[in-house]
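Number of protein chains: 2
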Amino acid sequence: MNIVLLGAGNLATSLALRVKEVGLNIVQIYSRTVSSAVELSSVIGCEGVSSIDDIIEGADIYIVAISDRAHVEVLPKIKFNNSLVVHTSGSIDMETLSAYSNRYGVLYPLQTFTKGRLVDFSEIPICIEASDRDSFNSIERISNILSNDVRRVSSKQRRELHLSAVYVCNFVNYLYGVAEEFMSKSSQDFDILRPLIQETASKIMSISPKEAQTGPAVRFDTNIIDMHLNRLEGEKEQQEIYKILSEAIYNRYN
Amino acid sequence: MNIVLLGAGNLATSLALRVKEVGLNIVQIYSRTVSSAVELSSVIGCEGVSSIDDIIEGADIYIVAISDRAHVEVLPKIKFNNSLVVHTSGSIDMETLSAYSNRYGVLYPLQTFTKGRLVDFSEIPICIEASDRDSFNSIERISNILSNDVRRVSSKQRRELHLSAVYVCNFVNYLYGVAEEFMSKSSQDFDILRPLIQETASKIMSISPKEAQTGPAVRFDTNIIDMHLNRLEGEKEQQEIYKILSEAIYNRYN
């Protein structure tokens with residue numbers, strides 16, 4: 001099975017490394033950025049191209065791992081000749097691919113990818129759907145080789161999943177960053193927070209977030225809340241974030 | 255060394271179990287709630303009392319692990335006779351204890367505690383300070399038996415630490431809870447998010463939150479942001495939280 005990979009960003013890189021690791025065959029990698037195409041393709045050991053015209057025709061599957069915004073720029077220019085076209089995005093409806101091929105689907109690995117950081121791909125949930133039974137079978141076969149956790153997820157469910165991922169990953173990481181700044185400004189090491197961060201994440205593997213909720217807001221401890229809001233007096237944005245999240249916690253759990 | 259423990263909540267329970275585990279000697283546990291005092295003291299194998307008048311005098315150290323709000327109600331009524339009095343709170347200034355004894359300090363274990371959930375106490379950072387050198391040495395000696403990570407932290411630094419802990423624990427857990435609700439409402443299992451939650455927490459053990467930031471807000475991907483804000487149209491509180499956090503991420507990283 002010949003795979004063409006479109007994209008060389010964080011997700012494309014992690015995916016390509018995993019595809020190579022499990023012995024699947026990437027024949028070509030496309031990226032608009034020449035250096036990215038060259039770099040990733042040389043690691044994988046395949047052709048790297050940065051011109052759409054050089055993308056080969058007739059591959060068995062085209063895996064689209066470019067940014068969501070690039071879909072409408074890049075995909076209409078590619079001759080897919082009704083090969084199987086699969087995108088990897090959390091937020092794009094599968095049916096958008098019907099404009100480019102009559103065989104299409106989604107292979108969405110739910111994880112945050114950073115170049116240079118290896119993740120255990122076998123544990124990453126892969127959410128799949130397809131235009132037809134044959135395409136579904138192909139995508140499922142590949143996904144089962146890549147990961148032990150493959151799930152059928154509709155476009156509608158995938159949108160909710162992606163929204164949830166923004167909350168538990170992007171928003172959470174932002175809060176880590178704010179804390180890092182508080183610590184740095186008070187001459188303390190961020191690493192002192194690491195056991196707490198780890199335990200907060202681990203706790204909800206066995207108990208629900210509702211049971212796990214602690215802190216001044218759920219206790220409605222106005223002394224501490226007011227003290228913190230006072231402390232944040234000079235940082236309006238943080239004061240607002242502190243306030244809205246504390247109110248939301250109180251509203252949810254009381 | 256005879257220890258009297260005041261409190262039988264989440265923190266007091268975890269602390270008492272660790273104190274017993276390392277072979278230190280709790281002689282008495284006080285809790286306003288009779289059942290809590292009985293329950294925890296029977297596990298630890300010491301006297302449990304629920305009346306302030308029954309608290310023994312002349313212990314070597316009194317560890318205050320009651321809620322912040324209970325400090326001013328409970329502590330003035332106890333005869334400490336200038337024994338060492340140590341509180342365990344993230345947000346209360348050490349000097350407040352000077353009203354009750356002339357030997358005092360802080361032993362603040364930075365972790366989120368839930369009854370019935372065991373944590374590896376040896377890895378919990380314990381933040382200590384004291385009124386005088388002798389008291390500091392006593393608190394440090396005990397802390398070093400309880401944990402491998404003992405740090406001198408001033409009251410001012412501890413306040414920043416506690417504020418940071420609210421961000422990386424309480425606020426983060428709240429976001430987990432919102433995601434759980436999105437998932438449940440779209441008939442999906444919350445556990446699909448667990449590898450992402452774990453990786454988001456693990457990532458910042460080796461790279462800074464700044465480098466780790468991904469997602470639509472940092473990319474200023476207005477298509478996705480607008481799509482999510484539209485999706486949240488019927489949930490004003492979440493729409494506001496999504497908006498303020500996305501703007502904050504954009505402001506911070508661009």
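Chains X and V supply the protein sequences, listed in that same order.
Using the working numbering, read the first sequence as starting at 1 and increasing by one per residue.
Using the working numbering, read the second sequence as starting at 255 and increasing by one per residue.
Quick reminder that beta carbons are idealized off the backbone N, C-alpha and C, glycines included.
In the DSSP secondary-structure assignment, Tyr496/V is not bridged to any residue.
Using a Cβ distance threshold of 9 Å, Thr454/V and Thr13/X do not count as a contacting pair. At a Cβ-Cβ threshold of 9 Å, Ser143/X and Leu97/X do not count as neighbours. Neighbourhood of Ile124/X in chain V, by CB distance below 8 Å: Pro449, in chain order. By the Cβ-count criterion, Leu499/V is buried, with 16 or more other Cβ atoms from all chains shown falling within 10 Å of its own Cβ.
Identification of chain V residues near Gln198/X by a Cβ-Cβ cut-off of 7 Å yields Ala455, ordered along the chain. At a cut-off of 9 Å between beta carbons, Glu211/X contacts chain V. Within chain V, the C-beta atoms nearer than 7 Å to that of Glu180/X come from Ser462 and Pro463, in chain order. Nearest Cα to Pro463/V within the set Glu181/X, Tyr100/X, Arg133/X and Phe121/X: Glu181/X. The beta carbons of Gly48/X and Ser83/X sit about 20 Å from each other, so the pair does not count as a contact at 8 Å. The shortest C-alpha to C-alpha distance from Asp221/X to any of Lys410/V, Ser355/V and Ser345/V is the one to Ser345/V.
Contact with chain X is absent for Gly299/V, since none of that chain's Cβ atoms lies less than 9 Å from the residue's Cβ. From the beta-carbon of Phe474/V, no residue of chain X is found nearer than 8 Å; the closest lies around 10 Å away. For the 9 Å CB-CB criterion, Ala165/X and Leu486/V do not form a contact.
For Tyr284/V, there are no neighbours in chain X by C-beta distance under 9 Å, as the nearest C-beta there is about 20 Å away. At a C-beta separation below 7 Å, Ala248/X has these neighbours in chain V: Tyr428, Glu491 and Ile495. For Ala319/V, no chain X residue has a C-beta closer than 8 Å to its own C-beta; the minimum C-beta separation is roughly 14 Å. Put simply, the CB of Ser164/X is near chain V, with a gap under 9 Å to one of its CB atoms. Per DSSP, the beta bridge partners of Leu338/V are Ile315/V. Under the 8 Å Cβ criterion, the segment 175-195 of chain X counts as touching the segment 398-418 of chain V, having at least three qualifying pairs. In terms of beta-carbon proximity, His341/V stays away from the interface with chain X, with every pair separated by 9 Å or more.
No Cβ of chain V is located within less than 9 Å of the beta carbon of Tyr104/X. Between Val153/X and the set Ile128/X, Asn230/X and Asp60/X, the nearest pair of CA atoms involves Ile128/X. Any Cβ of chain X closer than 9 Å to the Cβ of Ala262/V would place that residue at the interface, and such an atom is absent. CA-CA distance, Ser305/V to Thr468/V, rounds to 53 Å. For Tyr176/X, the uninterrupted alpha helix (DSSP H) segment begins and ends at Val172 to Lys185. For Ile204/X, the nearest beta carbon of chain V is closer than 9 Å to its own beta carbon. Taking 9 Å as the threshold, the shortest C-beta distance from Ala217/X to chain V falls below it. For Val404/V, no Cβ of chain X is located within less than 9 Å of the residue's own Cβ.
Here Pro109/X is bridged, per DSSP, to Ile126/X. In the structure shown, Gln157/X adopts helical secondary structure according to DSSP, grouped into three states.
When 9 Å is used as the limit between beta carbons, Asn424/V is near these residues of chain X: Thr200, Gln213, Thr214, Gly215, Pro216, Ala217, Val218, Leu245, Ser246 and Ile249, in chain order.
DSSP assignment within the segment 189-218 of chain X yields the following whole alpha helix (DSSP H) runs of 4 residues or more, N-terminal first: 194-206 and 209-212. Here the alpha carbons of His228/X and Tyr504/V stand approximately 24 Å from one another. The three-state reading of DSSP puts Arg371/V in coil, since its state is none of H, G, I, E or B.
Separation of Met1/X and Glu123/X (C-alpha to C-alpha, rounded to the nearest whole angstrom) is 23 Å.
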